[in-house]
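Residue numbers for the sequence shown follow our numbering, so the first one is 34 and each next one is one higher.
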Amino acid sequence: MPNPLSYAQENRARFLEELIAFLQIPSVSTQPAHRGDVARAAEWLAGAMRAAGLENVRIIGTAGHPLLYADWLHAGAAAPTVLIYGHYDVQPAEPFELWETPPFDPVVKDDYLYARGASDDKGQVYVHVKAVEALLRANGRLPVNVKFIVEGEEESGGASLAAFIPQQKELLAADVALVSDTSILGPDQPAIVYGLRGPCYVLMDLYGPARDLHSGSYGGGINNPLNVLGRIMGRLQDDDGRVLVPGFYDRVRPLRAEERALLAELPFDEAAWLAETGAGATWGDPDYSLVERLGARPTLDFHGLVGGYTGAGGKTVLPAHVHAKFSMRLVPDQEPEEIGRLVEAYIRDMLPPGMRLEMHYHGAPASITDYTIPAMQAAAGAYESAFGKPPVFMREGGS
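Now the structure itself:
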């Protein structure tokens, strides 16, 4: 009987063929046109779980997209239980013209597999399912009890899973949760992410006049919502990116000296990172290193603005309404709801007479785990066995 690694190597071609089939399903959770594809991806993954030897495989209907649950619980009561999380939905692939190959037609180039979802997060989910298969085929059992919970809404807010967890604490009870939806520093440098920033995502609408007006006739007499939005944006952070909302930093957990030393030792190539972005220079709070700013400090960024006329040629419109999307990345002890309220109050205080504001926000708190606990050290040992070198511990900016 082969050992698990031999089994995986002998079945590599089949594993790749199956993963390609999974990646071909355009399970874009944010687009209603792909609702059927999301359901199809859930069915596909459920079949793969059953074929791997997992038990109690369930597709759980929700108000949104389905959840998947599966387990193997025969390691005994004394063995720890590992809960594996992942998601089978993907982000929209637009703009398609920027892809060198079609996003849902996977291609292997130089031992890399290119497709939407290959690394976020279908590839990782599939790896865990295949690891279970290899262990069961080779050894007939697993060394620990295993549960899977896989969602189809990670890229669209995760509301169904958030509602499911409090109702199913016993079903999901575990000693350790394993999430493979983060980064490593390079193909030859394994990493374990012990902290993730949390998002607070904001949708903001500003309303001025009852209809679009001509700036030649009304400009200078009525506030332009686009101008007001520009002033608001300029007052949300300073030139170094420090957020100017009163109270924003009040609950930020300070970085400990030993953690700053740990992050400073990361083999992070700042020049290579900058070159990959195509930007001309790094930027941010000079009191913190780039690594600290990317994973361990809160931020504020605008993502989209809609308003006025953006078609060909010119049109001197004074728009009735503008829309903005922005988010803040939060660190441990910052609460998304509280931050949302602080930002809304700050913006409302800036509004001139005659302007109406609508704001909606949602988010999730940051996550951080003690990297010295036995489970993290066991993961580090597994990485070292596979890569031949120990992993580094790092924090990441967030999903």
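Positions of the beta carbon are idealized from the N, C-alpha and C atoms, including for glycine.
Predicted model, so just to flag it, every value in this text is computed and none were measured.
- Counting along the chain, residue 249 sits inside the alpha helix (DSSP H) bounded by residues 248-251.
- Residue 230 counts as buried, since no fewer than 16 other beta carbons sit within 10 angstroms of its beta carbon.
- Straight across, the Cα-Cα distance linking residue 319 with residue 272 is about 11 Å.
- Around the beta-carbon of residue 383, fewer than 16 other beta-carbon atoms lie within 10 Å, marking it exposed.
- Inter-residue distance for residue 312 and residue 208 is about 43 Å (C-alpha atoms, whole angstroms).
- Between the C-alpha atoms of residue 66 and residue 73 there is a straight-line separation of about 13 Å.
- In the structure shown, the three-state DSSP call for residue 71 is helix.
- If you check the CB distance, residue 335 and residue 357 come in under 8 Å.
- When the five nearest sequence neighbours on each side are left out, the beta carbons in the same chain lying within less than 6 Å of the beta carbon of residue 245 are those of 350, 352 and 353, in order along the chain.
- Counting the other Cβ atoms within 10 Å of the Cβ of residue 223 gives 16 or more, which makes it buried.
- The three-state reading of DSSP puts residue 368 in coil, since its state is none of H, G, I, E or B.
- Following the DSSP letters along the chain, one finds residue 260 inside the alpha helix (DSSP H) bounded by residues 258-267.
- Under the three-state reduction of DSSP, residue 105 is assigned to strand.
- Counting C-beta pairs with one atom in each stretch, the segment 166-184 and the segment 115-125 have three or more that are closer than 8 Å, which means they touch.
- Listed as beta-bridge partners of residue 178 by DSSP are 114.
- In the three-state reduction of the DSSP assignment, residue 170 falls in the helix class.
- Assigned with DSSP and collapsed to three states, residue 163 falls in helix.
- Judged by DSSP secondary structure, residue 360 falls within the beta strand (DSSP E) whose first and last residues are 354-363.
- Secondary structure at residue 429: strand, using DSSP grouped into helix, strand and coil.
- In the DSSP assignment, residue 340 is bridged to 355.
- Look at residue 65 here: in three-state DSSP terms it is helix.
- Collapsing the DSSP output to three states places residue 389 in a strand.
- Approximately 6 Å separates the beta-carbon atoms of residue 100 and residue 194; this is inside 8 Å, confirming the contact.
- Put simply, the segment 321-329 touches the segment 294-303. At least three CB pairs are less than 8 Å apart.
- Here residue 95 carries a coil assignment [DSSP, helix/strand/coil].
- Here the alpha carbons of residue 366 and residue 266 stand approximately 25 Å from one another.
- The straight-line gap separating the alpha-carbon atoms of residue 56 and residue 71 is approximately 12 Å.
- According to DSSP, residue 400 shares a beta bridge with 229.
- Residue 431 sits close to residue 362, with the two beta carbons spaced by under 8 Å.
- Contact between the segment 230-240 and the segment 251-271 is present, with at least three C-beta pairs closer than 8 Å.
- Residue 282 carries a coil assignment under DSSP once its states are collapsed to helix, strand and coil.
- By the C-beta density criterion, residue 199 is exposed, having fewer than 16 other C-beta atoms within 10 angstroms.
- In the three-state reduction of the DSSP assignment, residue 416 falls in the helix class, which pools H, G and I.
- For the set 291, 253, 82 and 35, the Cα lying nearest the Cα of residue 52 is the one of 82.
- According to the DSSP secondary-structure assignment, residue 335 is paired through a beta bridge with 359.
- Residue state for residue 379 is assigned as helix, using DSSP reduced to three classes.
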